[in-house]
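Quick note, the sequence shown lines up with residues 11 to 269 if you use this note's numbering.
From the three backbone atoms N, C-alpha and C, an ideal C-beta is built for every residue, glycine too.
Source: prediction; values computed, not measured.
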Amino acid sequence: MYALVTGASRGIGRAISLQLARRGYDLLLVARSEDQLTALAEEISQKHQRQAKVLALDLAAPGAAETVTAWATQQTDQLAVLVNNAGYGLWGRFEQLGLAEQQNMLQLNMHLPVALTHALLPVLHRASKAYILNVASTAAYQAVPSLSLYAASKAFLLSFSRGLRYELKASNISVTCLSPGATTTSFADRAGMGAELQATANKVSMTPEAVAEAAVAGLLAGEAEIIPGVLNKVSAGLTSVVPKGIVEKIAAGIYEKYL
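Laid out in structure tokens, this is it:
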């Protein structure tokens with residue numbers, strides 16, 4: 011059986027791909043960097059003796075979901091896992107960030123996973139058991155000043171996952187939402203965060219490998235939501251009991267002072 015992973019070339023997506031290969035899945039790997047994808051495919055073949063096919067593509071480009079769907083269905087008729095991992099953040103005040111770049115982020119974080127999921131659900135229904143993993147963030151659980159639109163996009167993905175899981179509960183497809191906290195990936199660089207803020211985040215960061223191990227174990231166990239790490243679980247849980255104004259003030263205190 012095959013697993014399709016977007017944003018597979020590095021970070022959490024790369025680590026999830028390796029975890030799935032270790033558990034016996036062949037891989038369809040999609041991201042922008044062909045060199046990184048090819049290196050990952052070779053590692054999967056050597057370490058886990060699984061097949062890995064690669065598609066280098068800008069997933070925020072128009073028609074990307076259709077391209078991925080056509081390619082994936084040409085590669086296999088045995089797709090059993092869809093991992094919607096591709097995404098990024100932008101750090102800064104909403105009115106000061108470029109609108110085009112923010113819309114590009116929304117395309118990747120929201121529209122792509124929706125389009126891919128819709129297109130590939132008929133394929134996933136053919137498997138005896140299938141899984142969808144949507145990668146959100148602990149930012150999905152509260153508003154985050156200076157990451158306002160990123161947090162909103164991840165809140166969308168969390169809500170979408172919850173609703174879709176309920177719709178598919180009587181089917182062969184299990185839907186899981188992964189919400190990692192700070193992780194040692196290129197996220198902060200891509201988001202434009204300064205060195206001081208990155209250093210603060212690194213103090214509580216998890217490795218992509220630790221996040222991926224928890225993610226794949228929870229996915230295959232049919233869990234609804236996965237928040238790796240005790241600190242992340244506690245912080246996400248507090249958002250449901252602490253008044254929203256206080257939560258937003260705390261979040262602003264963490265991020266805005268570095269602007």
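Where N182 and K139 are concerned, what is the direct C-alpha to C-alpha distance, given to the nearest angstrom?
Cα to Cα, N182 sits roughly 5 Å from K139.
In angstroms with no decimal places, state the Cα-to-Cα distance between V133 and V91.
Their Cα atoms are separated by approximately 10 Å.
For the alpha helix (DSSP H) that contains K179, what are its first and last residues?
Run containing K179: none; DSSP gives neither H nor E here.
Going by the DSSP bridge assignment, what does A66 pair with across the sheet?
Looking at the DSSP assignment, A66 forms a beta bridge with A41.
With DSSP as the reference, label N95 as helix, strand or coil.
DSSP places N95 in coil when its eight states are reduced to three.
Could you tell me which residues DSSP pairs with V145 in its beta bridges?
Paired residues: L188.
Please report the residue range of the alpha helix (DSSP H) in which L14 lies.
Segment Y12 to T16 is the beta strand (DSSP E) holding L14; no alpha helix (DSSP H) there.
Does the region 30–37 come into contact with the region 54–71, if we say contact requires no fewer than three beta-carbon pairs (one atom in each stretch) closer than 8 Å?
Yes, since at least three Cβ pairs between the region 30–37 and the region 54–71 fall closer than 8 Å, the two stretches touch.
Using 10 angstroms around the beta-carbon of S169, count the other beta-carbons present and answer buried if the total reaches 16, otherwise exposed.
Exposed, by the Cβ-count rule.
Just to confirm my understanding: we take I22, look at its own chain, exclude 5 residues before and 5 after, and list those with CB closer than 7 Å. What are they?
Taken in chain order, the residues that qualify are N95, V145, P190, T193, T195, P218, V221 and A222.
Going by other Cβ atoms of all chains shown within 10 Å of its Cβ, with 16 needed for buried, is A41 buried or exposed?
Counting Cβ neighbours within 10 Å, A41 comes out buried, since at least 16 surround it.
Just curious, the alpha helix (DSSP H) that Q85 is in, first and last residue?
Its alpha helix (DSSP H) spans residues A74 to Q85.
For the alpha helix (DSSP H) containing E223, name the first residue and the last one.
Counting along the chain, the alpha helix (DSSP H) containing E223 begins and ends at P218 to L230.
Distance, Cα to Cα, A49 vs E105?
Approximately 39 Å, taken between the alpha carbons.
Here's a check: name, in chain order, each residue in its chain whose Cβ is nearer than 8 Å to the Cβ of S163, leaving out the five neighbours to either side.
Answer for S163: G97, M115, L116, N119 and M120, listed in chain order.
In this structure, does DSSP put V240 in helix, strand or coil?
Helix.
Please report how far the alpha carbon of E44 lies from the alpha carbon of E52, in whole angstroms.
Roughly 12 Å separates the two Cα atoms.
Any idea what DSSP makes of I22, helix, strand or coil?
In this structure, I22 counts as helix in the three-state DSSP scheme.
Are A129 and T79 close, meaning C-beta to C-beta below 8 Å?
Yes.
Secondary structure at E233, three-state DSSP: helix, strand or coil?
Of the three classes helix, strand and coil, the one that applies to E233 here is coil, per DSSP.
So for L157, helix, strand or coil by DSSP?
Correct three-state label for L157: coil.
Spell out the partners DSSP gives A140 in its beta bridges.
Its beta-bridge partners are I183.
Whose C-beta lies closer than 7 Å to the C-beta of I237 among residues of the same chain, with five residues either side of it excluded?
Excluding positions up to five away in sequence, the list reads T148, S189, K243 and A246.
Taking only three categories from DSSP, how would you classify G108?
In the structure shown, G108 sits in coil (DSSP, three-state: anything other than H, G, I, E or B).
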